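Asker: What follows is a structure written as structure tokens; I'll ask about it next.
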Amino acid sequence: PFCTLPDEVKEAGARNMPAETVAASFPFTASGINDGTGVVLGKDRDGGLVLVDIWKRGGDRTNSNWTILAKPGAGKSFTAKMLLLREYMQGSRIIIIDPEREYKDMCNKLGGVWINCTGGEGKINPLQVRLRPVEEEDEENSSFQSPLALHIQTLRTFFSLYLRDLTDTEKAALEDALVEVYKAAGITWGTDPRDVPNDKWPTVKELYEYCVKKAEENPETYTRLAVLLKRAAEGADSYLWAGPTAVEADSDFIVFDVHDLQNAEDQVKRAQYFNVLSFAWNILERDRRERTVLVVDEAWMLVDPQTPQAIAFLRDTSKRIRKYNGSLIVISQNVIDFLAPEVQRYGQALLDNPTYKLLLAQGEKDLEAITALMNLSEAEHDLLANAKRGEGLFVAGTQRIHIKIEAAPYEMQYLTGGGS
1 PFCTLPDEVK EAGARNMPAE TVAASFPFTA SGINDGTGVV LGKDRDGGLV LVDIWKRGGD
61 RTNSNWTILA KPGAGKSFTA KMLLLREYMQ GSRIIIIDPE REYKDMCNKL GGVWINCTGG
121 EGKINPLQVR LRPVEEEDEE NSSFQSPLAL HIQTLRTFFS LYLRDLTDTE KAALEDALVE
181 VYKAAGITWG TDPRDVPNDK WPTVKELYEY CVKKAEENPE TYTRLAVLLK RAAEGADSYL
241 WAGPTAVEAD SDFIVFDVHD LQNAEDQVKR AQYFNVLSFA WNILERDRRE RTVLVVDEAW
301 MLVDPQTPQA IAFLRDTSKR IRKYNGSLIV ISQNVIDFLA PEVQRYGQAL LDNPTYKLLL
361 AQGEKDLEAI TALMNLSEAE HDLLANAKRG EGLFVAGTQR IHIKIEAAPY EMQYLTGGGS
């Protein structure tokens with residue numbers, strides 16, 4: 001027959017080829033994803049719909065978590081809003097931490113609750129006890145710990161982010177002061193935080209006043225501690241924390257906005273972001289029956305080499321949220337922030353854990369880090385190096401496809417613009 005090689009030519013030119021070499025000749029490991037239910041994300045390289053049910057479990061789909069990584073202008077916020085809109089329309093509750101005021105307009109148009117977490121009606125008292133996520137291996141032990149004891153662990157991280165240069169002696173004194181302030185408010189190791197109204201919890205102001213009083217007895221330890229706390233209790237940062245929690249978050253679409261802290265010092269931004277995150281987790285934890293999507297946008301803001309416990313808290317959230325019928329979406333610009341030696345133990349786990357990963361156009365340094373982290377093929381590397389807005393690599397479990405994000409015309413009113 002025409003174009004059939006003679007046997008002697010085949011024998012002379014034949015070469016064995018390992019299976020992995022054959023696999024490498026294919027640019028992507030799958031041509032499409034269609035779960036039959038869920039939300040449409042866009043189209044694959046062949047024009048087929050990418051239909052994903054993030055609540056599907058089994059096989060290589062072990063959780064409902066996402067990582068969305070892209071350089072500025074690549075379309076990550078637009079994509080996130082489209083995904084959230086479609087999940088919301090299918091009955092999921094949405095909770096967003098928003099440092100860039102990207103979601104205000106969308107929230108208002110959907111009749112959600114938008115909260116300005118820079119004081120006033122958006123005040124969140126860091127001393128109000130709330131539960132924290134724990135690693136699965138620690139879950140049994142944590143059930144025997146009091147809520148107050150667990151929350152003091154959260155406060156260690158909060159104050160380490162805010163008061164960066166405390167000595168070990170001052171840290172110990174601060175913890176002793178916290179216990180005494182709680183005791184004075186009638187809060188014990190056995191107190192159920194659900195039984196205590198917002199206005200009955202101690203605040204940073206009471207903590208500061210206690211340290212001022214203790215400085216009369218022990219000036220060497222407490223004088224400097226009181227000076228450092230004064231800013232949060234009575235000074236420039238008191239609008240954030242010096243008072244009871246004023247937030248009312250009874251809605252199926254909630255946005256915690258921290259945009260007005262853009263010009264604040266890094267330690268203030270990180271401490272408040274962490275404070276809001278722990279509060280958002282507490283909302284999610286209260287009701288396991290409702291599917292909830294928790295969005296942590298610009299997650300790099302939590303990365304602090306001096307306080308890796310902050311990113312560890314987010315890592316623990318990513319591990320625990322599936323047991324609360326939830327999904328964590330981590331959105332960030334710079335993957336290399338999560339791979340710094342001081343935080344890599346937690347940051348890499350945070351990137352590895354999600355079943356779903358959406359990688360849009362990347363900067364050069366981040367692309368090299370992602371290539372090594374995810375063992376990208378040459379074709380996948382080239383795609384992310386040259387991707388247009390809204391175009392990239394979508395990973396669902398072990399499947400990887402080239403995707404083009406597409407929104408319907410009627411959705412654009414919710415997806416364009418951020419808020420002011």
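By the count of the numbering used here, the sequence shown reaches residue 420 at its end, each step adding exactly one. Yeah, the Cβ is synthetic: ideal placement off N, Cα and C, and Gly gets one too. Values in this document were obtained by computation on a predicted structure and should not be read as measured data.
1. Spatial neighbours of I370 within its chain, please: C-beta separation below 8 Å, excluding the five flanking residues on both sides.
2. Check the C-beta distance from R291 over to N325 and give it rounded, since I have them as a contact under 8 Å.
3. Could you give the distance in angstroms between the alpha-carbon of A185 and the alpha-carbon of L84?
4. Would you tell me roughly how many angstroms separate the C-alpha atoms of N353 and W66, rounded to the nearest one?
5. DSSP three-state call for A204: helix, strand or coil?
6. Suppose the cutoff is 6 Å on Cβ atoms and the five residues either side in sequence are ignored; what does the same chain contact list for A312 look like?
7. The alpha helix (DSSP H) that contains E285, what's its start and end?
8. Look at I124 and F279 and say whether their C-beta atoms are less than 7 Å apart.
9. What are the complete alpha helix (DSSP H) segments, minimum 4 residues, inside the stretch 311-366?
10. Give the straight-line distance between the Cα atoms of K104 and F158, rounded to the nearest whole angstrom.
11. Just to confirm the assignment, what range does the beta strand (DSSP E) spanning K221 have?
12. DSSP state of G36, grouped into three classes?
13. Kindly identify the DSSP beta-bridge partner or partners of H402.
14. Under 8 Å, with one C-beta from each stretch per pair, do the stretch 149-158 and the stretch 205-222 reach the 3-pair mark?
15. Given this structure, state the Cα-to-Cα distance separating N108 from A173, to the nearest angstrom.
16. If you count every other CB in all the chains shown that lies within 10 Å of the CB of T188, and 16 or more means buried, which is it?
17. Ignore the nearest five residues each way along the sequence and tell me which others in N275's own chain have a CB closer than 7 Å to its CB.
18. Could you check how far apart the C-beta atoms of I96 and V255 are, in whole angstroms? I think they sit under 8 Å.
19. List the endpoints of the continuous alpha helix (DSSP H) containing N65.
20. Hey, could you find the ends of the alpha helix (DSSP H) V179 is sitting in?
21. Helix or strand or just coil, what does DSSP make of H259?
22. Measuring CB to CB, does T317 end up less than 7 Å from L302?
23. So, using beta-carbon positions, are D44 and G397 closer together than 7 Å?
24. Spell out a yes or no on whether the stretch 397-413 and the stretch 38-58 are touching, meaning 3 or more CB-CB pairs, one atom from each, closer than 8 Å.
25. Indicate the three-state DSSP secondary structure (helix, strand or coil) for I370 in the structure shown.
26. Excluding the 5 residues flanking W484 on each side, which residues of the same chain have their C-beta closer than 7 Å to its C-beta?
27. Applying the criterion that 16 or more other CB atoms from any shown protein chain within 10 Å of the CB defines a buried residue, is D46 buried or exposed?
28. Could you say which of D252, Q333, F394 and R130 lies nearest to L51 if we only look at CA atoms?
29. Taking 7 Å as the threshold (C-beta atoms), are T221 and T169 in contact?
30. If you measure between the beta carbons of A232 and V212, is that distance less than 7 Å?
31. Let me confirm a value: T355 is counted as buried when at least 16 other C-beta atoms fall within 10 Å, else exposed. Which label applies?
32. From E180 to L415, what distance separates their C-alpha atoms?
33. Considering only the alpha carbon of each residue, which of P341, L110, V343 and Q128 lies closest to N198?
34. To the nearest angstrom, report how far apart P409 and R320 are at their CA atoms.
Answerer: To lay it out plainly:
1. Only L69, V335, L359, Q362, L376 and L384 meet the Cβ criterion.
2. Yes, they are in contact, since the Cβ atoms of R291 and N325 sit about 5 Å apart, within 8 Å.
3. About 41 Å.
4. The alpha-carbon of N353 is positioned some 9 Å away from that of W66.
5. For clarity, residue 204 is Val in the given sequence; the question names Ala instead. Three-state DSSP puts V204 in a helix.
6. For A312, where only same-chain residues beyond five positions count, the Cβ hits under 6 Å are Y346.
7. First-last of the alpha helix (DSSP H) with E285: D266 to E285.
8. Judged by beta-carbon spacing, F279 lies within the 7 Å limit of I124, meaning their Cβ atoms are closer than that value.
9. The DSSP assignment places 344-352 as complete runs of the alpha helix (DSSP H) inside the stretch 311-366, in order along the chain (cut-off: 4 residues).
10. Using only the alpha carbons, I get a separation of about 26 Å.
11. The residue asked about is misnamed: residue 221 is Thr in this sequence, not Lys. From DSSP, T221 is part of no beta strand (DSSP E) but of the alpha helix (DSSP H) over P219 to A233.
12. In this structure, G36 counts as coil in the three-state DSSP scheme.
13. Under DSSP, H402 forms a beta bridge with L393.
14. Using a C-beta cut-off of 8 Å, the stretch 149-158 makes no contact with the stretch 205-222, since fewer than three inter-stretch Cβ pairs fall below that distance.
15. One alpha carbon belongs to N108, the other to A173, and they sit about 44 Å apart.
16. Exposed is the call here.
17. Cβ neighbours of N275 beyond the five flanking positions: I124, P126 and F158.
18. I96 to V255, Cβ: 5 Å. Contact.
19. Here N65 belongs to no alpha helix (DSSP H), and DSSP marks it neither H nor E.
20. Under the DSSP assignment, V179 falls in the alpha helix (DSSP H) whose first and last residues are D168 to A184.
21. H259: helix per DSSP, three-state reduction.
22. Result no, Cβ atoms of T317 and L302 do not sit closer than 7 Å.
23. No.
24. By the Cβ criterion, the stretch 397-413 is in contact with the stretch 38-58, since at least three pairs of Cβ atoms, one from each stretch, lie closer than 8 Å.
25. If DSSP states are grouped into helix, strand and coil, I370 belongs with the helices.
26. The structure shown does not extend to residue 484, since the chain is modelled only from 1 through 420, so no value can be given for it.
27. Classification for D46: exposed.
28. When each option's Cα is compared against that of L51, the closest is F394.
29. It is a contact, given that the beta carbons lie within the stated cut-off.
30. In this structure, V212 does not lie closer than 7 Å to A232 by Cβ.
31. Answer is buried; the Cβ neighbour count reaches 16.
32. Between the alpha carbons of E180 and L415 lies a gap of roughly 49 Å.
33. The option with the nearest alpha carbon to N198 is Q128.
34. Cα to Cα, P409 sits roughly 36 Å from R320.
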